[in-house]
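Asker: Questions regarding the structure given below will be posed in turn.
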Amino acid sequence: MTAKPAEISVDVEANIAAICARYGNRSDALIEILHDVQETGGHITRDAIVGIAAALNISRADVFGTLSFYDDFRTEPVAAGMVKLCRAEACQSVGADALAARCDANGIAHETVYCLGNCALGPAAMVDGRLIGRANEEKLASAVRHAKAEG
Amino acid sequence: MVRVFIPRDAAALSVGADEVAATFANCIAQRKLDVELVRTGSRGAFFLEPLVEVEVGGKRVGYGPVHASDVPALLDAGVLEGGAHDLALGEVEKLPFFAKQERLTFARCGVIDPFDLSAYGQSGGLAGLRAAQKLKPEEVVQAVTESGLRGRGGAGFPAGIKWKTVLEASGDKKYICCNADEGDSGTFADRMLMEGDPFALLEGMAIAAHAVGASEGLVYIRSEYPHAIAAMNEAVRIWQDAKASPNFTIEIRRGAGAYICGEETSMLESLEGKRGQVRAKPPIPALEGLHGEPTVVNNVLTLAAVPWIVANGAKAYQDFGMGKSRGTQPFQLGGNVKQGGLVEKAFGLTLLELIEEFGGGTLSGRPVRAVQVGGPLGSYLGTDQLATPMDYEAMAGIDAMLGHGGVVVFDDTVDMARQAQFAMEFCAAESCGKCTPCRIGSTRGAEVIGRIREGQDVEANLALVRDLCEVMEGGSLCAMGDLTPQPVLSAINQFPEDFQAGGRA
Ligand SMILES: Cc1cc2nc3c(=O)[nH]c(=O)nc-3n(C[C@H](O)[C@H](O)[C@H](O)COP(=O)(O)O)c2cc1C
Ligand code: SF4
Ligand code: FES
Chain A
1 MTAKPAEISV DVEANIAAIC ARYGNRSDAL IEILHDVQET GGHITRDAIV GIAAALNISR
61 ADVFGTLSFY DDFRTEPVAA GMVKLCRAEA CQSVGADALA ARCDANGIAH ETVYCLGNCA
121 LGPAAMVDGR LIGRANEEKL ASAVRHAKAE G
Chain B
152 MVRVFIPRDA AALSVGADEV AATFANCIAQ RKLDVELVRT GSRGAFFLEP LVEVEVGGKR
212 VGYGPVHASD VPALLDAGVL EGGAHDLALG EVEKLPFFAK QERLTFARCG VIDPFDLSAY
272 GQSGGLAGLR AAQKLKPEEV VQAVTESGLR GRGGAGFPAG IKWKTVLEAS GDKKYICCNA
332 DEGDSGTFAD RMLMEGDPFA LLEGMAIAAH AVGASEGLVY IRSEYPHAIA AMNEAVRIWQ
392 DAKASPNFTI EIRRGAGAYI CGEETSMLES LEGKRGQVRA KPPIPALEGL HGEPTVVNNV
452 LTLAAVPWIV ANGAKAYQDF GMGKSRGTQP FQLGGNVKQG GLVEKAFGLT LLELIEEFGG
512 GTLSGRPVRA VQVGGPLGSY LGTDQLATPM DYEAMAGIDA MLGHGGVVVF DDTVDMARQA
572 QFAMEFCAAE SCGKCTPCRI GSTRGAEVIG RIREGQDVEA NLALVRDLCE VMEGGSLCAM
632 GDLTPQPVLS AINQFPEDFQ AGGRA
């Protein structure tokens, strides 16, 4: 992990403290807190884990234990415009696996999710919170461009 | 003033509903038309989305599927007066897809503005809560018991019995936890309801709270559903501002991408901020649930069915259905099907009716070969099993399950050995890790099926898969490990040819 200037760390700390305070520093809200932290920073840093543990008065191991259980949480940054591609059964039945292969061939970065609740309009995908039905490479590429443009 | 209705259900958005709405708004402004645009949920005929409806003479006339570029021509054709156009569908409720349904839980979904509490009240909403408030808690529990309502999350446990346990339990505090994790592939009814008629869920939770003496409610929504999360947050804000259930507060909580968190005890762990590891039962959540207090855990559809039951009487609900499966089930038709969507219907219709009459056959136009019912832990059925009525017991009779009501259709290009392998892979990916058979058995299972697909030692390896399934069924704490053998064994038993050397791989 790269060292960060001290003043950024202070900012991070204040931000984390504010997020935790929104939830009354309740440890049962840890998952909400992790979501909020990730939304502001893109991923959850070691500093953030330390800050959350302090605010909620639980151990760092508790925070890390919880976050590592859930696929949503990341401790490393991800590039903008990552396609969440549904690989579950209903989408398999209309060619999700073939679509994944064509994404690979066309340099469209994607990760696997299981079901987006759009099983009657598969293959389904999500880019930056936008749901895409009857997905194909063109629709996905355009959604990725859009997401990258918005940063 | 003419009212035009355009859905903002996530599925409708996924095929361009927002673009259609924006174009409508532009054209209305340019042409200075006297039109009110109302955004609704979806009625669930996803093959018609984006479905635009116009109120003409008190009736809703439909056009769909509409592309944004169709909008000027639609207006030219006089759609505001119900004019003719290639996309015209006529009166929406008379379309065969809807006319044959029995919509109790989904009566308002796609019809009203989901955030308009007075429209909710005018279309039958809040009648159940008002009626419940005049009853004693045990009378509400009695009504739910007599209605025959069973849990719609998958296990089909009688809701009234669960509520009675919580009512009679003592605790400092009691909770209503709504399970909106809806992880099963092929299901989307919880999502649709939360986006299209969220007050029905809140009303059901408030009735449950009155019935068992709970003061706090939580809705656990999977993070894959950002639209539903936003809709529920908005609905809770409106509900609480209107003091619709003053002694009962409701909080929305997000999941974080773990299928196992749909299992009720795993969900409770997650709601406590922990890893979603399944708890051993007993104690049951009804006695020691969230923070160790008595807790009702019910699926979205279970809770959303309650207002209708209390408003119309247990007997009226009982009158729908067959055998021990009473009332209606929102079936969800997805996968390789021409007309996919939500079909709410009394228990007892057959899969064939659902797939052919409502679904119109496969999307690809090829023959149906396999149907998976009840999500990733549900059995694959062959075409000779499709006449089975959809009812909990009849499905159990063919080693299948209804689960949350998802029906996924596959055409004849499907490789069932691959599907069996996927079932094992899914279990390996989503196991909470507590039991060895589930965690390790599934990984081994996926490898062994991989070898079968390559034609290696097929007979010996098939026997090994069957053994692994037996171990998983006997040695798992929850249904994840216990039921993964269902899709695996049903694929092997119903489609043996796909596992023979040279199968389809
Ligand atoms: C692996 C697994 C996943 C489950 N997923 C869900 C789910 O997503 N939604 C749900 O309501 N129930 C799910 N269940 C069932 C719940 O454990 C529980 O039975 C249900 O929420 C109770 O509510 P009901 O009686 O209203 O159905 C799941 C069970 C298992 C074993
Ligand atoms: S069966 Fe699997 S998911 Fe269920 S408790 Fe055991 S390891 Fe966890
Ligand atoms: S299975 Fe892909 S969206 Fe449901």
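So the protein sequences, as listed, match chains A and B. Residue numbering for the first sequence is 1 to 151, as defined by this note's numbering. Residue numbering for the second sequence is 152 to 656, as defined by this note's numbering. We put the beta carbon where it would ideally sit given N, CA and C, even for glycine. None of these values were measured; they are calculated from a predicted model.
1) Would you say V559(B) reaches chain A, if we count a Cβ-Cβ gap shorter than 8 Å as a contact?
2) Quick check on the burial criterion: 16 or more other C-beta atoms within 10 angstroms. Buried or exposed for Q252(B)?
3) In three-state terms, what does DSSP make of T152(A)?
4) Note down, in chain order, every chain A residue with its Cβ under 9 Å from the Cβ of R520(B).
5) Taking DSSP as the reference, what is the three-state secondary structure of F64(A)?
6) Of the residues that make up the segment 512-536 of chain B, which ones have a beta carbon closer than 7 Å to any beta carbon in chain A?
7) Compare the beta carbon distance of A124(A) and A135(A) with 8 Å and say whether it is the shorter of the two.
8) Got a sec: which bits of the segment 63-78 of chain A sit with their beta carbon under 9 Å from any beta carbon on chain B, in order along the chain?
9) Where does the unbroken beta strand (DSSP E) through R405(B) begin, and where does it stop?
10) Which of the residues in the segment 195-207 of chain B, read from start to end, lie with their CB under 8 Å from any CB of chain A?
11) For T2(A) and P445(B), I'd like the C-alpha separation in whole angstroms.
12) Should G673(B) be counted as a contact of ligand 3 given a C-beta to heavy atom distance under 7 Å?
13) Please confirm whether R154(B) has its beta-carbon closer than 8 Å to some beta-carbon of chain A.
14) Using DSSP with H/G/I as helix, E/B as strand and the rest coil, what is H110(A)?
15) Report the residue from K139(A), A98(A), A143(A) whose alpha carbon sits nearest the alpha carbon of V565(B).
16) Under a CB-based cut-off of 8 Å, is R404(B) close to chain A?
17) Go ahead and label Q92(A) buried or exposed: buried means 16 or more other beta carbons lie within 10 angstroms of its beta carbon, across all protein chains shown.
18) Near E7(A), which residues of its chain fall below 6 Å by C-beta distance, leaving aside the five closest residues on each side in sequence?
19) Quick one: give me the first and last residue of the beta strand (DSSP E) that F561(B) is part of.
20) Around the Cβ of V222(B), are there at least 16 other Cβ atoms within 10 angstroms (buried) or fewer (exposed)?
21) Does V78(A) pass the burial test, meaning 16 or more other C-beta atoms within 10 Å, or should it be called exposed?
22) Determine the chain B residues that contact C50(A) at a beta-carbon separation under 8 Å, and present them in chain order.
23) Exposed or buried, which one is I108(A) when buried takes at least 16 other CB atoms within 10 Å?
24) Determine which residues share a DSSP beta bridge with Q480(B) and list them.
25) What does the alpha-carbon distance come out to for the pair E333(B) and I411(B)?
26) Per DSSP, which residues does Y326(B) bridge with? Please list them.
27) Using a Cβ-based criterion (distance less than 7 Å to any ligand heavy atom), does A88(A) qualify as near ligand 3?
28) Excluding sequence positions up to five away, which residues of its chain have a Cβ less than 7 Å from the Cβ of G95(A)?
29) Answer with yes or no whether the minimum CB distance from E605(B) to chain A is below 8 Å.
30) What residue range does the beta strand (DSSP E) around I191(B) cover?
31) When every heavy atom of ligand 1 is checked, does at least one fall within less than 7 Å of the C-beta of E333(B)?
32) Using the C-alpha atoms, what's the distance from F257(B) back to H442(B)?
33) Inspect the beta-carbon positions of F399(B) and A360(B) and report whether they are closer than 8 Å.
34) Give the residues of chain B in contact with V113(A), contact being defined as C-beta atoms less than 9 Å apart.
35) Can you pull the chain A neighbours of R426(B), defined as C-beta to C-beta under 7 Å?
36) When we look at the beta-carbon of A521(B) and count the other beta-carbons within 10 Å, is it buried (16 or more) or exposed?
Answerer: Based on what the coordinates show:
1) Among the CB atoms of chain A, one or more fall inside 8 Å of the CB of V559(B).
2) Label assigned to Q252(B): buried.
3) Since the first residue of chain A shown is 1 and the last is 151, residue 152(A) is not available in this structure.
4) Here the premise fails: no neighbours, minimum Cβ distance about 10 Å.
5) Three-state result, F64(A): helix.
6) Listed in sequence order: L514, Q523, P527.
7) Taking 8 Å as the Cβ cut-off, A124(A) and A135(A) qualify as a contacting pair.
8) Those residues of the segment 63-78 of chain A that come within reach of chain B (Cβ to Cβ, closer than 9 Å) are G65, T66, L67, S68, F69, Y70, D71, D72, F73.
9) Per DSSP, R405(B) belongs to the beta strand (DSSP E) from 400-405.
10) For the segment 195-207 of chain B, which is checked against every Cβ of chain A, the residues closer than 8 Å are F197, F198, E200.
11) Confidence at T2(A) is low in this model, with a pLDDT of 43, below 50, so the placement of that residue is unreliable and no value is reported for it.
12) Residue 673(B) lies beyond the range of chain B shown here (152 to 656); nothing can be said about it.
13) Output row for R154(B): interface = no.
14) Three-state result, H110(A): strand.
15) Selected option, being the one with the closest Cα: A98(A).
16) It does; some Cβ of chain A falls within 8 Å.
17) Buried, by the Cβ-count rule.
18) Since pLDDT at E7(A) reaches only 43, below the 50 mark, its modelled position is unreliable, and the value read off the structure follows with that caveat. None.
19) Counted as a single uninterrupted DSSP element, the beta strand (DSSP E) harbouring F561(B) occupies residues 557-562.
20) When all chains shown are included, V222(B) counts as buried.
21) Flag for V78(A) reads exposed.
22) The sequence given here has Val at residue 50(A), not Cys. Under the 8 Å cutoff, chain B gives no residues; its nearest Cβ is about 17 Å from V50(A).
23) Per the 10 Å Cβ criterion, buried.
24) Answer is K496(B).
25) Near 10 Å, if we compare the C-alpha coordinates of I411(B) and E333(B).
26) Per DSSP, the beta-bridge partners of Y326(B) are E367(B), T446(B).
27) True, at least one ligand heavy atom lies under 7 Å from that Cβ.
28) Once the five neighbours on either side are set aside, the close Cβ partners of G95(A) are P123.
29) By this cut-off, E605(B) is not an interface position.
30) Residue 191(B) is actually Thr in this sequence, not Ile. For T191(B), the enclosing beta strand (DSSP E) begins and ends at 186-191.
31) For ligand 1, a non-hydrogen atom lies closer than 7 Å to the CB of E333(B).
32) Distance from the CA of H442(B) to the CA of F257(B), rounded to the nearest whole angstrom, comes to 33 Å.
33) Cβ atoms of F399(B) and A360(B): closer than 8 Å.
34) Neighbours of V113(A) in chain B, taken as residues at a C-beta separation under 9 Å, are given in chain order as E375, G408.
35) For the C-beta of R426(B), the chain A residues within less than 7 Å are, from N- to C-terminus, G65, T66, F69.
36) A residue is called buried once 16 or more other Cβ atoms fall within 10 Å of its Cβ, and A521(B) is buried on that count.
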